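S.K.:
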Amino acid sequence: MTETVRVELGVRAYDVIVGPALLEEAGRHIGPLLARPRVAVITDETVAALHLQAFQAALRREGIESEALALPAGEGSKSWPHLSRAVEWLLERRVERADVVVALGGGVIGDLAGFAAAILRRGVRYVQVPSTLLAQVDSSVGGKTGINSPHGKNLVGAFHQPSLVLADIGLLDTLPRRDLLAGYGEVAKYGLLGDAGFFDALERDGARLADGDAAVRSWAVARSVSAKARIVERDETESGDRALLNLGHTFAHALEAATGYCDRLLHGEAVAIGCVLAFEASARLGLCSQEDPVRVAAHFRQMGCRAGLVDIPGDLPDPNRLMELMAQDKKVIAGRMRYVLARGIGRAFVATDVDPDIVRSVLSDGLAAKTR
Ligand code: GLY
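Going by this note's numbering, the first residue of the sequence shown is number 2, and it counts up by one from there.
Pasting the structure below:
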């Protein structure tokens with residue numbers, strides 16, 4: 002059931018290994034990368050309690066020593082103070098240029114540890130061991146690392162590719178169902194943006210993924226990673242096609258900003274809602290059929306995911322304010338909004354010059370449904 006996806010980036014190429022029980026085999030996979038048998042592990046307190054002992058034991062079985070820093074769990078750790086703490090800790094441990102840092106955790110830890118590795122001694126290698134579905138299918142692959150600033154999310158960072166990604170499907174068993182379903186928003190996104198056959202298959206098998214079927218989970222993670230790898234290979238630093246990975250994200254970022262980046266709306270939940278809104282806008286622009294947004298929303302609802310503004314608890318700002326928040330997105334170039342829209346399921350593209358009235362009407366109808 003183990004599958005290896007190669008991310009072909011010349012001298013920065015690496016493998017993403019997907020499958021069960023990879024944590025137990027971590028030493029065997031990481032060992033060949035090491036100049037000396039020791040690694041520094043950055044994790045969070047929740048993941049440390051669940052998986053750190055097993056991970057360090059697996060390293061020890063291959064003669065690899067390790068020390069670990071466990072940061073508080075949650076988005077707050079993607080900040081200057083925790084970055085500084087991580088970098089100073091790595092320097093205190095005398096991590097050298099030829100050493101390897103391990104990120105054991107979800108997207109926050111992967112982004113933070115990856116960025117710490119990018120700037121430590123002008124760059125050391127790192128290995129991602131993602132523990133959430135979202136991190137396995139998205140953030141651990143492709144080399145985007147960084148932290149948040151008081152000015153916004155992910156505004157400070159670097160492209161720094163990992164040397165290896167170990168996506169252990171077994172780690173998803175300890176994930177709360179809400180987090181798993183949030184990560185599913187990013188899985189379905191790959192089908193919606195470029196692979197209609199994958200979306201068809203998810204409509205058929207998605208429930209088994211949610212219910213813990215390891216074979217379906219492995220297959221879905223590997224197929225998602227492979228889709229991402231092919232896009233990153235074409236456009237490593239997002240000057241073109243990589244923007245397709247942001248399907249649903251312009252809406253999502255505005256909704257996350259409006260709800261305060263907290264438990265009220267998780268990132269993956271916002272992405273699922275954003276994908277539905279992007280298809281709705283595409284349908285109203287005459288780009289895809291009216292049935293497509295209905296089908297996308299129906300699938301997310303069937304999975305138990307959030308699929309519309311109506312699913313976000315509490316009040317939301319009016320459409321104009323949401324549009325202002327959308328305009329703060331990183332995808333704005335020279336003041337022009339860029340949207341990822343679709344000509345059908347699996348046929349996304351980047352659009353500029355989208356009629357703002359259409360986007361406003363999509364938001365306005367979504368908000369009206371909340372009051373009905
Ligand atoms: N998460 C989107 C990207 O890696 O480009």
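Where is the CB? At the ideal position from N, CA and C, for every residue including glycine. These numbers were taken from a predicted model, which means no experiment stands behind them.
Between glycine 143 and the rest of its own chain, which residues show a CB-CB distance below 7 angstroms, the 5 nearest in sequence each way excluded?
M.R.: Excluding residues within five positions, the ones whose Cβ falls inside 7 angstroms are Lys229, Val233.
S.K.: Quick one: what's got a C-beta closer than 7 angstroms to arginine 95's C-beta in the same chain, skipping five residues either side?
M.R.: Excluding sequence neighbours, arginine 95 sits near nothing in its chain.
S.K.: Given a threshold of 16 other Cβ atoms within 10 Å of its Cβ, counted over all protein chains shown, does alanine 99 qualify as buried or as exposed?
M.R.: The residue in question, alanine 99, is exposed, as its Cβ has fewer than 16 Cβ neighbours within 10 Å.
S.K.: In angstroms, rounded to a whole number, what distance separates the CA positions of aspartate 264 and valine 188?
M.R.: Going from the Cα of aspartate 264 to the Cα of valine 188 covers about 20 angstroms.
S.K.: Measure the C-alpha to C-alpha separation of arginine 235 and arginine 243 and round it to an integer number of angstroms.
M.R.: Cα-Cα distance, rounded: 8 angstroms.
S.K.: How many Å lie between alanine 255 and threonine 353 at the Cα?
M.R.: Going by the C-alpha atoms only, they are around 18 angstroms apart.
S.K.: Nearest to arginine 13 by CA position, among Ser164, Leu323, Leu134, Met2, is which residue?
M.R.: Residue Ser164 is the option with its Cα nearest to arginine 13.
S.K.: So what does DSSP say about aspartate 139, is it helix, strand or coil?
M.R.: Three-state result, aspartate 139: helix.
S.K.: Among Glu26, His161, Leu72, His300, which one has its Cα closest to the Cα of valine 42?
M.R.: Selected option, being the one with the closest Cα: Leu72.
S.K.: Does the segment 78-94 come within contact of the segment 105-122, defined as at least 3 CB pairs closer than 8 angstroms?
M.R.: Contact holds: three or more Cβ-Cβ distances are below 8 angstroms.
S.K.: Do cysteine 276 and leucine 248 have their C-beta atoms within less than 8 angstroms of each other?
M.R.: Yes, the pair counts as a contact, with Cβ atoms nearer than the cut-off.
S.K.: What is the rounded straight-line gap between the Cα of arginine 7 and the Cα of valine 226?
M.R.: If you take the alpha carbons of arginine 7 and valine 226, they lie about 9 angstroms apart.
S.K.: Need the endpoints of the beta strand (DSSP E) that serine 67 sits in, please.
M.R.: It spans 66-72 - the beta strand (DSSP E) in which serine 67 sits, taken as one unbroken run.
S.K.: Check the DSSP bridge columns for tyrosine 262 and list the partner residues they point to.
M.R.: For tyrosine 262, which the question treats as bridged, DSSP gives no partner whatsoever.
S.K.: If you pair each beta-carbon of the segment 58-69 with each one of the segment 149-158, do three or more pairs fall below 8 angstroms?
M.R.: No: fewer than three Cβ pairs fall under 8 angstroms.
S.K.: Would you mind reading off the limits of the alpha helix (DSSP H) that contains glutamine 54?
M.R.: Residues 54-62.
S.K.: Counting only the same chain and skipping the five closest in sequence on each side, list residues whose C-beta sits under 6 angstroms from that of glycine 28.
M.R.: Result list for glycine 28: Ala59, Leu60, Arg62, Glu63, Ile65, in chain order.
S.K.: CB methionine 324 to CB proline 357, shorter than 8 angstroms?
M.R.: Yes. Within cutoff.
S.K.: For the candidate residues Leu182, Val19, Phe252, whose alpha-carbon lies nearest to that of glycine 367?
M.R.: Per the Cα distances, Phe252.
S.K.: Give the DSSP-derived three-state secondary structure of glycine 20 in the structure shown.
M.R.: Note: glycine 20 maps to strand in three-state DSSP.
S.K.: According to DSSP, is leucine 176 part of a helix, a strand, or is it coil?
M.R.: The answer is coil: DSSP assigns leucine 176 none of H, G, I, E or B.
S.K.: What would DSSP say about alanine 352, mapped onto helix, strand or coil?
M.R.: Here alanine 352 sits in strand by DSSP.
S.K.: Taking the beta strand (DSSP E) that glutamine 129 falls in, what are its first and last residues?
M.R.: 126-131 is the span of the beta strand (DSSP E), which, as asked, contains glutamine 129.
S.K.: Determine the extent of the alpha helix (DSSP H) in which asparagine 321 is found, giving its start and end residues.
M.R.: First-last of the alpha helix (DSSP H) with asparagine 321: 320-327.
S.K.: Out of Gly186, Val109, Lys145, Gln57, state which residue places its alpha-carbon closest to the alpha-carbon of serine 1.
M.R.: Since the first residue of the chain shown is 2 and the last is 373, residue 1 is not available in this structure.
S.K.: Would you tell me roughly how many angstroms separate the C-alpha atoms of glycine 32 and threonine 5, rounded to the nearest one?
M.R.: Approximately 17 angstroms between the Cα atoms of the pair.
S.K.: Give every residue of the same chain whose Cβ lies closer than 7 angstroms to the Cβ of glycine 374, excluding the five residues on either side of it in the sequence, and list them in chain order.
M.R.: Any property of residue 374 remains undetermined from this structure, which presents the chain solely from 2 to 373.
S.K.: Just checking my contact of valine 272 with histidine 250 at CB under 8 angstroms: how many whole Å lie between their CB atoms?
M.R.: The Cβ separation is near 6 angstroms, so the contact holds.
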